[in-house]
Amino acid sequence: MITIDQVRHFKFPKGAEVRPLKPEELVHINKELKRVLSEIYSKGKLTAQYAPSGSEQFADPADRASSEEVNSVVFRLRDREHKMIRKIKGALSRMENGEYGICEECGEYIAPARLLARPVTSYCLTCKTEQEVEEKLRQDS
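Using full-length UniProt numbering, the letters of the sequence shown correspond one by one to residues 1 to 141.
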């Protein structure tokens with residue numbers, strides 16, 4: 001089993017260069033976040049069309065079960081959309097405040113490769129790994 005101390009002392013591969021983002025990288029990520037946000041809002045309108053009205057009456061229990069399953073999927077999708085919207089808005093806010101690309105936990109720069117792969121992240125790879133290990137240890141105990 002991995003411990004927190006092992007994670008803290010792990011040396012990540014050299015390819016994960018840690019430095020401030022270049023202005024063109026920041027512009028690229030900003031545009032991508034805004035594009036994804038717009039896409040989520042567009043899909044959200046579509047998802048809302050399938051939301052239950054609450055007035056459905058079903059004589060057949062199978063129809064009711066099917067409807068409840070669809071409703072469950074729609075609610076999960078909308079929940080994911082809302083979570084992603086919050087993350088994107090948080091990232092855009094950090095950009096405006098000049099805090100984007102700085103780990104909220106340790107204050108170090110987040111590797112540009114990580115930000116390009118996961119633009120909504122607010123943690124460097126080490127701190128995020130520590131969080132995940134701590135969470136796994138809590139679940140296992």
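Each residue gets a CB set at the ideal place from its N, CA and C atoms; glycine is no exception.
(request) Can you grab the Cα-Cα spacing for the pair residue 70 / residue 119, in whole Å? (result) About 31 Å.
(request) Look at the alpha carbon of residue 114 and the alpha carbon of residue 59, and state the distance between them as a whole number of angstroms. (result) 52 Å
(request) For residue 122, count neighbouring C-beta atoms within 10 Å of its own C-beta (all shown protein chains included) and say buried if the count is 16 or more, exposed if not. (result) buried
(request) Would you check if the distance between the CB atom of residue 18 and the CB atom of residue 135 is smaller than 8 Å? (result) no
(request) Measure the C-alpha to C-alpha separation of residue 81 and residue 30 and round it to an integer number of angstroms. (result) 19 Å
(message) For residue 78 and residue 130, what's the separation of their Cα atoms in angstroms?
(response) 29 Å
(message) Give me the DSSP bridge partner(s) of residue 109.
(response) 102
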